[in-house]
Structure formats: C-alpha cells, structure tokens
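Asks: Just dropping this structure here.
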Amino acid sequence: MLGDKLGEAHGKFTSVRVLPTEGQDIWIEVSFQGTGTLVGQDITDIGTYRQTIRSGGVLYGEGHVLMMSSNGDVADWSGGGVGRPTGPGYSASYGVWGAATTSSETFKRVAQVADVIEYEVEEDGSYRWTMWEWTGAQGRG
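In case it helps, my numbering puts the sequence shown at residues 684 to 824.
Okay, here's the thing in structure tokens:
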C-alpha cells in the first residue's frame, strides 16, 4: 500500500562516466548531490547510480544514496529503478524502489518500510525526487 510521503529533494549531477561493458550491456555511472527533506528534516542528498539501456529504450539502474541531516543523522539507502528517456540530454523519468538502513532515531521510520520514488531528470542533469513509504496490504503497524 502506498503510504505517507517521506521526503523530497532536488540537485544536480556532479559526474557522469562510462563503465566497462558487461556482455551486451553498456553501463554509465552518475554521481549527484542535492538538498531536500526526509521525514521533516533538512538533508544533503549524495549518491551514485549506474544504469544501462535495455531493449526498447528502457532504462534500468541500481543506486546507493546517503541522506544526511545537519546534526549528523544518516540514512543509507539502496535500490533500483526502471525508466524511460523523455527528451534530449539526460532527460528521463523513473519509477524507483528501495530501502534504507540507519542507526538514527530521526530517520528510523525510513528504515522500517520499503519506499517508492518518482525520480525526474532534466536535460542539464538537474534532478528531483519524491519518496513515499510502501507497506504491505495491511498498511503501517
């Protein structure tokens, strides 16, 4: 069940590089940095993901993100997503799923559920995402 909104952020790609080919798959690596909120706390959002283009132009990626508050709390997120190009340059739209771990009381709610994310990228490499909790059919306990 799609639950409450957990957070949102926006930022910019900081680097893009081509990775070694794996079989028929050509992979690129994207690193990024931005700011936003997570469960009501201001965060810095830094991460890296790699993606490939599958048949039919489908984008598939896997990523790792650190979301850090100004008081030192950290949520360590990993997940994957599927998307499609939406225009020139880096323009794309993704549906993303993932989960986070944390030892922080501030971010513990994020570690108690899976999450789904709408991740949008503009031609120039600027991005924005919105995250919701994703629970079982019975909802949050």
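No residue lacks a Cβ here, since even glycine has one placed at the ideal position from N, Cα and C.
Taking all protein chains shown into account, decide if residue 699 is buried (16 or more other Cβ within 10 angstroms of its Cβ) or exposed.
Replies: With fewer than 16 other Cβ atoms within 10 Å, it is exposed.
Asks: Mapping the DSSP letters down to three states, classify residue 794 as helix, strand or coil.
Replies: Helix, per DSSP.
Asks: From the DSSP output, read off the bridge partner residues of residue 713.
Replies: Answer is 699 and 732.
Asks: Mark residue 812 as exposed unless 16 or more other C-beta atoms lie within 10 angstroms of its C-beta, in which case mark it buried.
Replies: So residue 812 ends up on the buried side.
Asks: DSSP three-state call for residue 787: helix, strand or coil?
Replies: Residue 787: coil per DSSP, three-state reduction.
Asks: Taking the beta strand (DSSP E) that residue 771 belongs to, which residues open and close that run?
Replies: Where residue 771 is concerned, there is no enclosing beta strand (DSSP E), given that its DSSP letter is neither H nor E.
Asks: Between the beta-carbon of residue 694 and the beta-carbon of residue 716, is there less than 7 Å?
Replies: Yes.
Asks: Count the other C-beta atoms from every protein chain shown that fall within 10 angstroms of the C-beta of residue 683, then say buried if there are 16 or more, exposed otherwise.
Replies: Since the displayed the chain opens at 684 and closes at 824, residue 683 lies outside it and no answer follows.
Asks: Which residue marks the beginning of the beta strand (DSSP E) containing residue 813, and which one marks its end?
Replies: That run of the beta strand (DSSP E) goes 809-817.
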